[in-house]
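Enquirer: Chains as they are written, first to last, in our numbering: chain E, 1 to 598; chain C, 1001 to 1221.
By construction, the Cβ of each residue, glycine as well, lies at the ideal position given by its N, Cα and C atoms.
Remember, it's a predicted structure, so these values are computed and weren't measured experimentally.
Can you keep this structure in mind? I'll have questions shortly.
What follows is the structure in structure tokens.
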């Protein structure tokens, strides 16, 4: 990468947000509770999401206890098991991963990486968090209402979700639907902010093609979420009408204990279409920010520019577009015209092309890089392995003929946990280790981080890899117990016990992470402003942690992309985005002909 | 889902085309000084306008999905009995058109610093909108009185759902409208309220178009 370009710095019109008025509260409540600072809101999102995520983690351990050691624990009965399955799924997908990637990382990184002082609409941004918190509280309340939380499965399929016999039929499902509605309203406020900030509040010089891939990932995921969440909202409203007003949008005519349900002609398939029109893009709403973050972590810690930046941007966009035309692959066994099955199988397999481009580019970024095996790098590489493994099993399920026998088996559970649970969670950890020094000003402990990585990485494989074999054996998912099921061999039980022990170990090692998080905050090594020698703007702030307003008196001016690592001829092995060409220190002509030494 | 897919395709085509025009021939790895147009957004496109545009995209997605559900349920069920659309809806539609025209007048008044025209346009626009919502409620009551209960038939249920969704969006607009009116009453100059009046007018036009599509759908199915 040569440092071409003009060396004069023309004075452009100031950006729209150069002089935005920031609310600088003086009180503790104003600063840390009712804050309009995107960074504080990000931390609020992060803490809330991780707290609710821990609830979901405990639920998964309860499920594993039942599966590994059936009927040993009195508090786990068939109804509560279904409630754990449902709440675990919904919390992890929506309330943890979506909120963490978009609410927490989006809020922290968008203004900083774009060179803005704050989000475009700070008040709306604050409201977004409080809506999210209310949604979480409503969801948690469902554990305590008579009948408990809903046990309809995270897809909440009618008629089961609102029919007698399903756990949580009274208050549980109502609170779930209410909570999701509030979440969607809150997310719309936040998402609107993210999109407008990226489009309007970029600092001078931060062209679209200079945006770090983290921002591209978060931006496109937000666009997708804004277009996809309405599908869930429509489905919720219609289900509420069926439940409370007696309409028959989704509810067919049914007999319950000899009595007619009162509904007539409703179509459960209609719900499935609406749900998966949201549900499949949701996979990429979680994956795209992870893709972006991994790209930036790999480039920074391999000291190399990202391979094929433009290809990476377009791959993100193509994945986003295609993800809206694959939803019915979740419905192959619901019954559909075979031509539709073929169509959706084809679009599903086509989406593997841009995804594969990304994977190749990550690997090529690492190729001959000056790789620093830091903790964030370990998590990023772990992500590539896990995502590829999960993606390959997706190729099986994308084919109708293979999907039919594997549907509703543990193969599906293994697949989606690898690709959209473990893989993005590895990125979440990598991102926390990567940006923690900027957020707190201190480094996290390296040794504890490596212990955390290896146990989590290997442990999750121990949990989810065997599920693929169980799926091939035909073991059905969502079952509380298998009883005397003849075709399931006894060895499956041994495997289940092994997986449960692995799950407990993985859960326990998260305590090391939390210990590291808290200990480092008080006793961690001072990080300085840019400990990873990164190029992006968040590492170039005047203060660490950045103060409200992010940058000093003047906003940074951007002269280059985010991947100027090991630039030939440059003295340093990284050039920050806001370093003018004339400020770059160069080696003499002789040494400039070779590769720059880091 | 054809309606929704067309909408998504149009949205993505606009976005993809815009990005393509800004990325073709660009060499991101080359360092260059920041230029005048480095933010790459058209002149005059303000953050509130972009914010409204994004919100309208979300609302369009919501209505497109509801219309898709309407058409799918219409084709799936054998129990669909077309609803006799109340004649009152024509009068309601006229109110919404007049409300939209009045808000356009208010916007023009704000741009020309004409406080009287602004206030009149705003009051008339809000009045017609409230009349529209009351008219829709009356239509609901008429349908109930005629025995077209919400739960009796999916066509009835969709009528109530679509009109309620539309009315909720209008009520949200009326909240913004009342804030602008309050500021005007407090002595704000037309120029000061211009940005919010502009957004109100655009939002009203959008909801008028949505209502036109919904009404046509109800009449033709």
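#1: By DSSP's criteria, residue 526 (chain E) is part of a beta bridge. Which residues make up the other side?
#2: Taking Cβ to Cβ, would you say residue 555 (chain E) is nearer than 7 Å to residue 115 (chain E)?
#3: Taking only three categories from DSSP, how would you classify residue 9 (chain E)?
#4: Please return the same chain residues whose Cβ sits closer than 6 Å to the Cβ of residue 1105 (chain C), not counting the five positions on each side in sequence.
#5: Taking only runs of the alpha helix (DSSP H) that begin and end inside the segment 446-529 of chain E, which ones reach a length of at least 4 residues, in chain order?
#6: Can you confirm whether residue 1109 (chain C), when its beta carbon is compared against all beta carbons of chain E, has any partner nearer than 7 Å?
#7: Our contact map puts residue 579 (chain E) next to residue 1023 (chain C) with C-beta atoms below 8 Å; I'd like the distance itself, whole angstroms only.
#8: Give every residue of the same chain whose Cβ lies closer than 8 Å to the Cβ of residue 1059 (chain C), excluding the five residues on either side of it in the sequence, and list them in chain order.
#9: Grab the span of the alpha helix (DSSP H) containing residue 1022 (chain C) for me, first residue to last.
#10: Identify whether residue 170 (chain E) lies in helix, strand or coil by the three-state DSSP scheme.
#11: Using C-beta distances below 6 Å, list every residue in its chain close to residue 2 (chain E), excluding the 5 sequence neighbours before and after it, in chain order.
#12: What first and last residue would you give for the alpha helix (DSSP H) that runs through residue 1060 (chain C)?
#13: Going by C-alpha to C-alpha distance, which of E:163, E:371, E:313 sits closest to residue 628 (chain E)?
#14: What's the gap between the Cα of residue 103 (chain E) and the Cα of residue 187 (chain E)?
#15: Between the Cα of residue 498 (chain E) and the Cα atoms of E:521, E:507, E:178, E:462, which residue gives the shortest distance?
#16: On the criterion of 16 or more Cβ atoms from any shown chain inside 10 Å, does residue 237 (chain E) qualify as buried, or is it exposed?
#17: From E:522, E:302, E:84, pick the residue whose C-alpha is nearest to that of residue 370 (chain E); which is it?
#18: Could you check whether residue 119 (chain E) and residue 614 (chain E) sit closer than 7 Å to each other, using their CB atoms as the reference points?
#19: Evaluate contact between the segment 140-155 of chain E and the segment 225-241 of chain E, counting only Cβ atoms and requiring at least three cross-stretch pairs below 8 Å.
#20: Which parts of the segment 36-106 of chain E are runs of the beta strand (DSSP E), unbroken and 3 residues or longer, counting only runs that do not cross its ends?
#21: Kindly indicate the opening and closing residues of the alpha helix (DSSP H) around residue 403 (chain E).
#22: Considering only DSSP beta bridges, list what residue 574 (chain E) is partnered with.
#23: Rounded to whole angstroms, what is the Cα-Cα separation between residue 232 (chain E) and residue 274 (chain E)?
#24: Residue 437 (chain E) and residue 545 (chain E): beta carbons closer than 7 Å?
#25: On the DSSP bridge list, what partners appear for residue 255 (chain E)?
#26: Helix, strand or coil, according to DSSP, for residue 1204 (chain C) in the structure here?
#27: When the Cα atoms are used, what is the spatial distance from residue 129 (chain E) to residue 41 (chain E)?
#28: Tell me the start and end of each unbroken alpha helix (DSSP H) in the segment 203-229 of chain E that is at least 4 residues and wholly inside, in chain order.
#29: In this structure, how does DSSP classify residue 1027 (chain C) when only helix, strand and coil are distinguished?
#30: Let me know if residue 1004 (chain C) comes out buried or exposed under the rule of 16 or more other beta-carbons within 10 Å of its beta-carbon.
#31: Assess contact between the segment 246-256 of chain E and the segment 389-405 of chain E, defined as three or more Cβ pairs (one per stretch) separated by less than 8 Å. Is contact present?
#32: Tell me, please, which residues DSSP counts as bridged to residue 409 (chain E).
#33: Does the Cβ of residue 1028 (chain C) have 16 or more other Cβ atoms within 10 Å, making it buried, or fewer, making it exposed?
#34: At 8 Å on the CB atoms, spell out the chain C contacts of residue 238 (chain E), in chain order.
#35: Between the segment 191-203 of chain E and the segment 263-273 of chain E, do three or more beta carbon pairs fall short of 8 Å?
#36: Taking residue 282 (chain E) as part of the alpha helix (DSSP H), name the residues at either end of that continuous run.
Expert: So, to answer that:
#1: E:442
#2: yes
#3: At residue 9 (chain E) the pLDDT is 35, less than 50, meaning the model places this residue with poor confidence; the figure from the coordinates comes in the next sentence. Residue state for residue 9 (chain E) is assigned as coil, using DSSP reduced to three classes.
#4: 1121
#5: 446-472, 490-523
#6: no
#7: That belief does not hold up - the Cβ atoms of residue 579 (chain E) and residue 1023 (chain C) are roughly 23 Å apart, past 8 Å.
#8: 1169, 1206, 1210
#9: 1002-1023
#10: Per DSSP, reduced to three states, the secondary structure at residue 170 (chain E) is coil, with no helix or strand assignment.
#11: At residue 2 (chain E), the pLDDT of 36 sits below 50, so the modelled position is not reliable; the number obtained from the coordinates is stated separately. Cβ within range, chain order: n/a, list empty.
#12: 1047-1076
#13: Given a span of 1 to 598 for chain E in the structure shown, any question on residue 628 (chain E) remains unanswerable.
#14: 8 Å
#15: E:462
#16: buried
#17: E:302
#18: Look at the range of chain E in this structure, 1 to 598, and you will see that residue 614 (chain E) is not part of it.
#19: With a cut-off of 8 Å on Cβ pairs, the segment 140-155 of chain E is not in contact with the segment 225-241 of chain E, counting fewer than three such pairs.
#20: none
#21: Element bounds for residue 403 (chain E): 400-406.
#22: E:565
#23: 7 Å
#24: no
#25: E:260
#26: helix
#27: 7 Å
#28: none
#29: coil
#30: buried
#31: no
#32: E:476
#33: buried
#34: 1069, 1161
#35: These segments do not touch.
#36: Residues 268-302.
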